[in-house]
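Colleague: Numbering (my numbering), first residue to last: 998 to 1404.
Don't be surprised by glycine CBs; every beta carbon is placed ideally from N, CA and C.
Quick caveat: nothing in here was measured; it's all calculated off a predicted structure.
Quick one: the structure is below, questions incoming.
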């Protein structure tokens, strides 16, 4: 089951990276500026933001099997449609459709982990499935460049999109929900409105505002940075742009293993998760010197460390909802968190385009090295302890949910 989610996440990122790999070609063909490209990214992120709030509750309602299949089929068709792009406007439309579908991958993946793994294994399981994103990002540059050389950029979108449709068939054939997970899900239910009134949900979403835009920057802008600043051609991008994602894959495993190791040594769940997040969040500051070093190889090495930090953080944060809430609402929780992620991605995407057009990549890299610290502060001082949520929700609901007094 975990392998299926891993493969879906890898496909998700190959789909997402296709545009960033071919964008040097499209910027020339469609006469695009960095600002125009940032608006294309904004279209993706706006749909991603809106649908994160809807996709989590939808997957909780439909169930993991049908919900995951639906969202993957949607985004795969959206990738194929991008082969029909004729300019910036059509790219914006198709990227909007792509963002609508891709929003469902992480709520669905988190729900699979919650259904199949106990607390001490969730961070590692989450890291394994999330490493699909780094594997997809590793595969994407050489694969997409190879397809572009053979079939053109339209062929790249068409071929990559069909892979997701094949996965949907495999998923519907293989996936099942464990009976234990179903039984536990029936034991507790928290209304959506009450979830949104808990401090955990809104502070978790706020942390994602300052964390995930760093990853989106690397996904969408790193190939263009290599071309514009380090003078890499398309072939060189295909050869070297995968390297940071390879190290990011190690971060997924190390992050999950580290918090699990702390738990096995008797550290409390809340402290273990937050210490692991802190260690890897500090690695994300390596993006600051990356933009200042003179050689492209050194820049790639430092960016690689920063990306490993991000995935180490994410492996642990993926486990947060199941650590705190019942299994039947974890997709909803992650969907709300994804709304914060998407909002941050939208705002910082526009800011990136504006800064690159008017100044350079230097303030951009510095900014993305600093904002993870803001997310870390929210996790430590606002999120609260990671503990079962029913007492929290009962406190929110008040006396109406307290047992009647004894006669």
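Could you tell me which of 1263, 1371, 1034 and 1169 sits nearest to residue 1066, measuring between CA atoms?
Modeller: For this step, residue 1066 is matched to residue 69 along the chain shown. Per the Cα distances, 1169.
Colleague: May I ask you to report which of helix, strand or coil DSSP gives residue 1103?
Modeller: As a working mapping, residue 1103 is identified with position 106 in the chain shown. Reduced to three states, the DSSP call for residue 1103 is helix.
Colleague: Determine the direct distance from the alpha carbon of residue 1297 to that of residue 1310, and round the result to whole angstroms.
Modeller: As a first step, residue 1310 is located in the chain shown; it is residue number 313 there, counting from the start. As a first step, residue 1297 is located in the chain shown; it is residue number 300 there, counting from the start. If I take the Cα positions, the gap works out to 20 angstroms.
Colleague: Quick one, are the C-beta atoms of residue 1247 and residue 1133 less than 7 angstroms apart?
Modeller: As a first step, residue 1247 must be located in the chain shown, where it is residue number 250. As a first step, residue 1133 must be located in the chain shown, where it is residue number 136. No, they are not a contact pair.
Colleague: Excluding the 5 residues preceding and the 5 following residue 1097 in the sequence, name in chain order all residues of the same chain whose CB lies nearer than 7 angstroms to its CB.
Modeller: Within the chain shown, numbered from 1, the residue matching residue 1097 stands at position 100. Taken in chain order, the residues that qualify are 1044, 1048 and 1071.
Colleague: Secondary structure at residue 1344, three-state DSSP: helix, strand or coil?
Modeller: Along the chain shown, read from residue 1 onward, the residue named residue 1344 stands at position 347. Helix at residue 1344.
Colleague: Run through DSSP, which three-state label would residue 1264 get?
Modeller: Position 267 of the chain shown, counted from the start, is the residue given in the question as residue 1264. The answer is coil: DSSP assigns residue 1264 none of H, G, I, E or B.
Colleague: Please determine, among 1349, 1360, 1291 and 1259, the residue with the shortest C-alpha to C-alpha distance to residue 1313.
Modeller: Stepping through the chain shown from its first residue, residue 1313 is reached at position 316. When only C-alpha atoms are compared, the closest one is 1259.
Colleague: Helix, strand or coil for residue 1382 per DSSP?
Modeller: Here the question's residue 1382 lines up with position 385 in the chain shown. Residue 1382 falls in the coil class under three-state DSSP.
Colleague: For the alpha helix (DSSP H) holding residue 999, just list the boundary residues, first then last.
Modeller: Reading the chain shown from its first residue, position 2 is the one you call residue 999. Counting along the chain, the unbroken alpha helix (DSSP H) around residue 999 starts and ends at 999-1026.
Colleague: Report the rounded CA-to-CA distance for residue 1000 versus residue 1355, giving the unit in angstroms.
Modeller: Working through the chain shown from its first residue, we reach residue 1000 at position 3. Working through the chain shown from its first residue, we reach residue 1355 at position 358. Taking the straight line from one Cα to the other gives about 44 angstroms.
Colleague: Could you pull the start and end residues of the alpha helix (DSSP H) that residue 1150 belongs to?
Modeller: For the purposes of this step, residue 1150 is identified with residue 153 of the chain shown, where counting begins at 1. Counting along the chain, the alpha helix (DSSP H) containing residue 1150 begins and ends at 1116-1171.
Colleague: Please report the straight-line C-alpha distance between residue 1326 and residue 1105, rounded to a whole angstrom.
Modeller: As a position in the chain shown, residue 1326 is number 329, starting the count at 1. As a position in the chain shown, residue 1105 is number 108, starting the count at 1. Whole-angstrom Cα-Cα distance: 11 angstroms.
Colleague: Between the stretch 1078-1096 and the stretch 1145-1157, can you find at least three pairs of beta-carbon atoms closer than 8 angstroms?
Modeller: With contact defined as three or more Cβ pairs closer than 8 angstroms, the stretch 1145-1157 and the stretch 1078-1096 are in contact.
Colleague: Does the beta-carbon distance from residue 1102 to residue 1249 come in below 7 angstroms?
Modeller: Sequence index remark: in the chain shown, residue 1102 carries index 105 (1-based). Sequence index remark: in the chain shown, residue 1249 carries index 252 (1-based). Their beta carbons are not under 7 angstroms apart, which means residue 1102 does not touch residue 1249 by this criterion.
Colleague: Would you call the CB atoms of residue 1108 and residue 1069 closer than 7 angstroms?
Modeller: As a first step, residue 1108 is located in the chain shown; it is residue number 111 there, counting from the start. As a first step, residue 1069 is located in the chain shown; it is residue number 72 there, counting from the start. No.
Colleague: One question on the structure: do residue 1253 and residue 1142 come within less than 7 angstroms of each other, judged by their Cβ atoms?
Modeller: Along the chain shown, read from residue 1 onward, the residue named residue 1253 stands at position 256. Along the chain shown, read from residue 1 onward, the residue named residue 1142 stands at position 145. Here residue 1253 is not near residue 1142, since their CB atoms are 7 angstroms or more apart.
Colleague: Return the first residue and the last residue of the alpha helix (DSSP H) that residue 1032 is part of.
Modeller: Position 35 of the chain shown, counted from the start, is the residue given in the question as residue 1032. Looking at the DSSP string, the run of the alpha helix (DSSP H) that includes residue 1032 is 1031-1059.
Colleague: Within a Cβ cutoff of 6 angstroms, which residues of the same chain sit near residue 1119, ignoring the five residues on either side of it in sequence?
Modeller: On the chain shown, residue 1119 is found 122 positions in, with the first residue counted as 1. Cβ within range, chain order: 1110, 1316 and 1319.
Colleague: Can you find the residues in the same chain that come closer than 7 angstroms, C-beta to C-beta, to residue 1305, ignoring five residues on each side of it along the sequence?
Modeller: On the chain shown, position 308 is the one that residue 1305 refers to. Taken in chain order, the residues that qualify are 1244, 1245, 1247, 1248 and 1280.
Colleague: With a CB to CB cut of under 7 angstroms and the five nearest residues on each side skipped, what residues in its chain are close to residue 1164?
Modeller: Reading the chain shown from its first residue, position 167 is the one you call residue 1164. These residues qualify, in order along the chain: 1004, 1005, 1008 and 1069.
Colleague: On the three-state DSSP scale, how would you describe residue 1313?
Modeller: Taking the chain shown and counting its residues from 1, the one referred to as residue 1313 is at position 316. Reduced to three states, the DSSP call for residue 1313 is helix.
Colleague: Are residue 1333 and residue 1202 close, meaning C-beta to C-beta below 7 angstroms?
Modeller: As a working mapping, residue 1333 is identified with position 336 in the chain shown. As a working mapping, residue 1202 is identified with position 205 in the chain shown. Contact: yes.
Colleague: Considering only their Cβ atoms, is the gap separating residue 1238 from residue 1323 smaller than 7 angstroms?
Modeller: As a first step, residue 1323 must be located in the chain shown, where it is residue number 326. As a first step, residue 1238 must be located in the chain shown, where it is residue number 241. Taking C-beta atoms as the reference points, residue 1323 and residue 1238 fail to come closer than 7 angstroms.
Colleague: To the nearest angstrom, report how far apart residue 1014 and residue 1053 are at their CA atoms.
Modeller: In the chain shown, the residue the question calls residue 1014 occupies position 17. In the chain shown, the residue the question calls residue 1053 occupies position 56. For residue 1014 and residue 1053, the distance between alpha carbons rounds to 23 angstroms.
Colleague: Can you tell me whether DSSP reads residue 1181 as helix, strand or coil?
Modeller: If you number the chain shown from 1, residue 1181 lands on position 184. Its pLDDT being 49, under 50, residue 1181 is placed unreliably in this model, and the coordinates cannot settle the point.
Colleague: Run through the stretch 1213-1270 for me and flag every whole alpha helix (DSSP H) of 4 or more residues, listed as ranges in chain order.
Modeller: 1231-1237 and 1240-1261
Colleague: Count the other CB atoms, across all protein chains shown, that sit within 10 Å of the CB of residue 1211; report buried if there are 16 or more and exposed otherwise.
Modeller: Against the chain shown, residue 1211 aligns to sequence position 214. With 16 or more other CB atoms across the displayed protein chains lying within 10 angstroms of its CB, residue 1211 is buried.
Colleague: Which same chain residues end up closer than 8 angstroms to residue 1300 when comparing Cβ atoms and leaving out the 5 residues on each side of it in sequence?
Modeller: Sequence index remark: in the chain shown, residue 1300 carries index 303 (1-based). 1215, 1219, 1241, 1283, 1284 and 1287, listed in sequence order.
Colleague: Which of the three DSSP states is assigned to residue 1292 in this structure?
Modeller: By one-based count along the chain shown, residue 1292 stands at place 295. Coil.
Colleague: Determine the direct distance from the alpha carbon of residue 1144 to that of residue 1160, and round the result to whole angstroms.
Modeller: If you number the chain shown from 1, residue 1160 lands on position 163. If you number the chain shown from 1, residue 1144 lands on position 147. When rounded, the distance between both Cα atoms is 14 angstroms.
Colleague: Is residue 1294 buried or exposed, if buried means 16 or more other CB atoms sit within 10 Å of its CB?
Modeller: Translated into positions along the chain shown, residue 1294 becomes position 297. It counts as exposed.
Colleague: Expressed to the nearest angstrom, what Euclidean distance is found between the alpha-carbon atoms of residue 1224 and residue 1335?
Modeller: Here residue 1224 is taken as the residue at index 227 of the chain shown, counted from 1. Here residue 1335 is taken as the residue at index 338 of the chain shown, counted from 1. Roughly 30 angstroms between the two C-alpha positions.
Colleague: Counting only runs of 3+ residues fully inside the stretch 1345-1373, write out the beta strand (DSSP E) ranges in chain order.
Modeller: Listed in chain order, there is nothing to give.
Colleague: Considering only the alpha carbon of each residue, which of 1264, 1370 and 1267 lies closest to residue 1303?
Modeller: Numbered from its first residue, the chain shown carries residue 1303 at position 306. Looking at the Cα atoms, 1370 is the closest of the given residues.
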